[in-house]
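Participant: Residues in the sequence shown are numbered from 323 upward in steps of one, following my numbering. Heads up, the beta-carbon is just placed ideally off N, CA and C, and yes, glycines get one too. Being a predicted model, the structure only gives us computed values, none of them experimental. The structure's right below; bear with me while I get my questions together.
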Amino acid sequence: MAKLLIEGGRRLNGTIRIGGAKNSVLKLMAAAILGHGAFHITDVPAIDDVRTMVGVLRSLGVQAFLQGNELHLSVNGVHGRPPERLVQSMRASVQVMGPLLARLGSAEIALPGGCAIGTRPLDIHLDGLRRLGARIEEVEGRIVAKAEVLKGADIVLRYPSVGATENILMAATLAQGTTVIRNAAREPEILDIQEFLNRMGAKVQGAGTSVITVHGVPDLGCADYRVIPDRIEAGTYVIAAAATGGQVQLLNVIPHHLEPLLRILTAMGVPIEVEEGIVRVYPAEELSPAQIQTAPYPGFPTDLQPQFTTLSLKARGQSIVRESVYDNRFGYIRELGKMGADITVSQNRAVVNGGRPLWGTSLVAGDLRGGAALIIAGLMAEGYSEIDGLYHVDRGYEDIAGRLQALGARALRLETG
Ligand code: UD1
Numbered sequence: 323m324a325k326l327l328i329e330g331g332r333r334l335n336g337t338i339r340i341g342g343a344k345n346s347v348l349k350l351m352a353a354a355i356l357g358h359g360a361f362h363i364t365d366v367p368a369i370d371d372v373r374t375m376v377g378v379l380r381s382l383g384v385q386a387f388l389q390g391n392e393l394h395l396s397v398n399g400v401h402g403r404p405p406e407r408l409v410q411s412m413r414a415s416v417q418v419m420g421p422l423l424a425r426l427g428s429a430e431i432a433l434p435g436g437c438a439i440g441t442r443p444l445d446i447h448l449d450g451l452r453r454l455g456a457r458i459e460e461v462e463g464r465i466v467a468k469a470e471v472l473k474g475a476d477i478v479l480r481y482p483s484v485g486a487t488e489n490i491l492m493a494a495t496l497a498q499g500t501t502v503i504r505n506a507a508r509e510p511e512i513l514d515i516q517e518f519l520n521r522m523g524a525k526v527q528g529a530g531t532s533v534i535t536v537h538g539v540p541d542l543g544c545a546d547y548r549v550i551p552d553r554i555e556a557g558t559y560v561i562a563a564a565a566t567g568g569q570v571q572l573l574n575v576i577p578h579h580l581e582p583l584l585r586i587l588t589a590m591g592v593p594i595e596v597e598e599g600i601v602r603v604y605p606a607e608e609l610s611p612a613q614i615q616t617a618p619y620p621g622f623p624t625d626l627q628p629q630f631t632t633l634s635l636k637a638r639g640q641s642i643v644r645e646s647v648y649d650n651r652f653g654y655i656r657e658l659g660k661m662g663a664d665i666t667v668s669q670n671r672a673v674v675n676g677g678r679p680l681w682g683t684s685l686v687a688g689d690l691r692g693g694a695a696l697i698i699a700g701l702m703a704e705g706y707s708e709i710d711g712l713y714h715v716d717r718g719y720e721d722i723a724g725r726l727q728a729l730g731a732r733a734l735r736l737e738t739g
């Protein structure tokens with residue numbers, strides 16, 4: 323167990339290089355199950371979710387080694403089923419279902435875990451796989467899927483779910499015939515999977531738009547690949563810079579992936595400069611309040627909502643944050659209240675009365691992005707904050723204490739046994 327001790331009130335200053343996208347690499351790892359041979363994936367974030375996925379792949383007979391930020395996979399025979407303990411610790415492990423079904427004709431996995439941020443059903447994943455010909459049942463808390471053969475189909479998603487789009491897309495690569503996924507999620511990570519699968523020999527087109535077409539092929543090989551930059555890690559540091567009135571340059575970013583955030587911050591008065599691969603944040607004189615609503619890409623990302631809400635505490639006046647993707651993603655607000663934050667939540671709407679000082683105190687992170695928000699609050703507050711439950715944050719941010727220190731923050735990681 324670990325906690326983070328922060329002395330607030332210091333501006334972040336300096337340069338940070340953003341790592342590869344968690345929400346992409348986990349799916350690339352799942353996609354590798356469809357192929358054969360040796361994979362070398364670079365810019366892999368050294369985070370706990372990647373380590374969990376390494377465990378999932380090993381349990382399926384894949385040789386997997388993470389060395390620094392490089393991942394080596396060797397895929398030959400694939401067999402077995404992922405242990406319940408691993409699947410329950412990370413929702414992304416459900417992404418092995420489509421690939422296993424396509425590769426082996428059957429898949430059995432425990433109902434997945436992940437962040438406690440509201441209801442996260444799997445109906446869209448399962449309906450899509452059924453449309454490809456799978457028979458799926460829930461047996462004692464496990465999902466059991468079987469298909470002698472998968473056949474291409476025209477599938478309309480009732481909502482553009484990221485995970486469901488990816489699961490169906492991966493399964494369809496080895497199906498007979500052509501699959502069309504309509505109302506598909508358009509997140510940049512889906513384009514990354516398309517590129518990766520196509521390098522393995524798949525025939526996927528349209529990712530990044532809401533219609534994806536997959537022409538099935540009989541088998542897939544391997545690929546060397548560099549993961550796209552993590553737009554959520556980048557957005558978190560952009561917000562941390564703005565929240566402390568700092569001056570931070572971010573390298574290895576794709577600025578247009580961050581557009582929904584950068585547009586709002588600019589409107590709030592944060593000076594931002596963008597160049598190819600680079601975002602620079604400068605100190606703001608004063609922040610204006612804002613209204614945002616989370617939405618599927620290219621809308622404002624739900625994974626930056628908690629960090630943004632925290633930043634809006636600095637803007638004098640009333641900001642409004644609507645969460646439209648998940649139904650319970652305001653858990654961190656109770657913790658912010660302990661620091662003196664004035665935020666009222668009713669259903670999926672938070673009203674933030676900003677402009678008052680925050681004071682440091684003991685806080686507990688309850689999920690990954692909520693944890694990141696509490697760290698930003700600790701940086702903004704007067705005095706010391708202690709953030710417990712750091713394991714949530716370790717799932718998705720590589721060495722957050724070290725990176726904040728490198729930007730001049732006083733942040734100390736304490737191992738508590
Ligand atoms: C992914 C990201 C997560 C991000 C989310 C939305 C990963 C590992 N995680 O999660 O960080 O917050 O996209 O951008 O990539 N839904 C259903 N039925 C389904 C599937 C989803 O009702 O079968 C609902 C969910 O409950 C939720 C919404 O759709 O309310 C969005 O979920 P989805 O896009 O599937 O998110 P994830 O892929 O789980």
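Got a sec? Which residues, its chain only, sit under 8 Å from L496 by beta carbon, not counting five neighbours each side?
Facilitator: Start at 1 with the first residue of the sequence shown, and residue 496 comes out as number 174. Counting only Cβ-Cβ distances below 8 Å, and skipping sequence neighbours, we find L356, A424, R425, L472, G538, V539, P540, D541 and L542.
Participant: Please state whether the Cβ-Cβ distance between A529 and Q516 is less than 7 Å.
Facilitator: One-based indexing of the sequence shown puts residue 529 at position 207. One-based indexing of the sequence shown puts residue 516 at position 194. Closer than 7 Å, so yes.
Participant: In terms of residue numbering, what span does the beta strand (DSSP E) encompassing D710 cover?
Facilitator: For the purposes of this step, residue 710 is identified with residue 388 of the sequence shown, where counting begins at 1. Per DSSP, D710 belongs to the beta strand (DSSP E) from Y706 to D710.
Participant: Take G621 and list the residues in its own chain whose beta-carbon comes closer than 7 Å to its own, dropping the five residues that flank it on each side.
Facilitator: Here residue 621 is taken as the residue at index 299 of the sequence shown, counted from 1. Correct list, in chain order: P582.
Participant: Classify Y547 as helix, strand or coil using the three-state DSSP reduction.
Facilitator: What you label residue 547 is simply residue 225 of the sequence shown in a count that begins at 1. Strand at Y547.
Participant: Near A524, which residues of its chain fall below 7 Å by C-beta distance, leaving aside the five closest residues on each side in sequence?
Facilitator: Walking along the sequence shown from the start, residue 524 turns up at place 202. Taken in chain order, the residues that qualify are T495, V539 and L542.
Participant: Is G399 buried or exposed, if buried means 16 or more other CB atoms sit within 10 Å of its CB?
Facilitator: Residue 399 sits at position 77 when you count from the first residue of the sequence shown. Exposed.
Participant: Output needed for A695: all residues of its chain with C-beta closer than 8 Å, excluding positions within five of it in sequence on either side, in chain order.
Facilitator: If you number the sequence shown from 1, residue 695 lands on position 373. Excluding residues within five positions, the ones whose Cβ falls inside 8 Å are P628, Q629, T631, T632, Y654 and L658.
Participant: Could you pull out every residue in the same chain whose Cβ sits closer than 7 Å to the Cβ of G383, ignoring the five residues on either side in sequence?
Facilitator: The residue given as residue 383 occupies position 61 in the sequence shown. G399, V400, H401 and G402.
Participant: Tell me whether Q417 is buried or exposed, calling it buried when 16 or more other Cβ atoms sit within 10 Å of its Cβ.
Facilitator: Within the sequence shown, the letter at position 95 stands for residue 417. Buried.
Participant: With burial defined as no fewer than 16 other Cβ atoms inside 10 Å of the residue's Cβ, what is the status of S415: buried or exposed?
Facilitator: Within the sequence shown, the letter at position 93 stands for residue 415. Its Cβ being crowded by 16 or more others within 10 Å, S415 is buried.
Participant: From E460 to S483, what does the alpha carbon distance come to, in whole angstroms?
Facilitator: Along the sequence shown, one-based indexing puts residue 460 at 138. Along the sequence shown, one-based indexing puts residue 483 at 161. If I take the Cα positions, the gap works out to 21 Å.
Participant: Spatial neighbours of Q615 within its chain, please: CB distance less than 7 Å, with the 5 preceding and 5 following residues excluded, ordered by chain position.
Facilitator: Locating residue 615 in the sequence shown gives position 293, counting from the first residue. Same-chain partners within the cutoff: F622, R644 and S646.
Participant: Considering Cα atoms alone, identify which of R452, A733, T501 and E470 is closest to D476.
Facilitator: Here the question's residue 476 lines up with position 154 in the sequence shown. Considering only alpha carbons, the answer is T501.
Participant: Within a Cβ cutoff of 6 Å, which residues of the same chain sit near R339, ignoring the five residues on either side of it in sequence?
Facilitator: In the sequence shown, counting from the first residue as 1, residue 339 sits at position 17. Excluding sequence neighbours, R339 sits near L573 and N574.
Participant: Thinking C-beta only, is G377 closer than 7 Å to L408?
Facilitator: By one-based count along the sequence shown, residue 408 stands at place 86. By one-based count along the sequence shown, residue 377 stands at place 55. Result yes, Cβ atoms of L408 and G377 sit closer than 7 Å.
Participant: Please state the DSSP three-state secondary structure of T364.
Facilitator: Translated into the one-based positions of the sequence shown, residue 364 becomes position 42. If DSSP states are grouped into helix, strand and coil, T364 belongs with the strands.
Participant: List the DSSP bridge partners of G639.
Facilitator: Translated into the one-based positions of the sequence shown, residue 639 becomes position 317. DSSP, once it has assigned bridges, lists G676 as partnering G639.
Participant: Taking the C-alpha atoms as reference points, what is the distance between H358 and V686?
Facilitator: The residue you call residue 358 lines up with position 36 of the sequence shown. The residue you call residue 686 lines up with position 364 of the sequence shown. If you take the alpha carbons of H358 and V686, they lie about 43 Å apart.
Participant: CA-CA distance, A324 and E708?
Facilitator: Start at 1 with the first residue of the sequence shown, and residue 324 comes out as number 2. Start at 1 with the first residue of the sequence shown, and residue 708 comes out as number 386. When rounded, the distance between both Cα atoms is 11 Å.
Participant: For G336 and E329, what's the separation of their Cα atoms in angstroms?
Facilitator: Counting from 1 along the sequence shown, the entry for residue 336 is found at position 14. Counting from 1 along the sequence shown, the entry for residue 329 is found at position 7. About 18 Å.
Participant: If you measure between the beta carbons of A703 and L734, is that distance less than 7 Å?
Facilitator: Here residue 703 is taken as the residue at index 381 of the sequence shown, counted from 1. Here residue 734 is taken as the residue at index 412 of the sequence shown, counted from 1. Going by C-beta atoms, A703 is not nearer than 7 Å to L734.
Participant: Apply the 10 Å Cβ neighbour rule to T301 and answer buried if 16 or more other Cβ atoms are within range, or exposed otherwise.
Facilitator: No answer is possible for residue 301: the residues shown for the chain start at 323 and end at 739.
Participant: On the criterion of 16 or more Cβ atoms from any shown chain inside 10 Å, does I439 qualify as buried, or is it exposed?
Facilitator: Residue numbering aside, residue 439 sits at position 117 when the sequence shown is read from its first letter. With a pLDDT of 48 at I439, under the threshold of 50, the predicted position of this residue should be treated as unreliable, and no value is reported.
Participant: Closest to E720 by CA distance: which of A386, T558 and L327 is it?
Facilitator: Start at 1 with the first residue of the sequence shown, and residue 720 comes out as number 398. For the residues A386, T558 and L327, the minimum Cα distance to E720 belongs to T558.
Participant: Need the endpoints of the alpha helix (DSSP H) that H447 sits in, please.
Facilitator: Here residue 447 is taken as the residue at index 125 of the sequence shown, counted from 1. Where H447 is concerned, the enclosing alpha helix (DSSP H) stretches over D445 to R453.
Participant: Let me make sure I understand the geometry here. Which of V533, G390, I369 and G420 has the alpha-carbon closest to that of A353?
Facilitator: Within the sequence shown, residue 353 is the residue found at index 31, counting from 1. It is G420.
Participant: Checking the sheet assignment: what are the DSSP bridge partners for K473?
Facilitator: As a first step, residue 473 must be located in the sequence shown, where it is residue number 151. In the DSSP output, where bridge partners are listed per residue, K473 has Q498.
Participant: On the CB-based measure, 16 or more other CB atoms within 10 Å of its CB, does S684 come out buried or exposed?
Facilitator: Here residue 684 corresponds to residue number 362 of the sequence shown, with the count starting at 1. Per the 10 Å Cβ criterion, exposed.
Participant: So does T588 have its beta carbon nearer than 6 Å to some heavy atom of ligand 1?
Facilitator: In the sequence shown, counting from the first residue as 1, residue 588 sits at position 266. No - ligand 1 has no heavy atom lying nearer than 6 Å to the Cβ of T588.
Participant: My parser needs the alpha helix (DSSP H) runs of 4 or more residues fully inside the stretch 385-446; what are they?
Facilitator: Listed in chain order, the complete alpha helix (DSSP H) runs (minimum 4 residues) inside the stretch 385-446 are 406-411 and 419-426.
Participant: Could you check if P551 is buried or exposed, using at least 16 other CB atoms within 10 Å of its CB as the buried criterion?
Facilitator: Along the sequence shown, one-based indexing puts residue 551 at 229. Counting Cβ neighbours within 10 Å, P551 comes out buried, since at least 16 surround it.
Participant: State yes or no: is the C-beta of Y547 within less than 7 Å of the C-beta of F518?
Facilitator: If you number the sequence shown from 1, residue 547 lands on position 225. If you number the sequence shown from 1, residue 518 lands on position 196. Yes; because the gap between Cβ atoms is below 7 Å, this pair is in contact.
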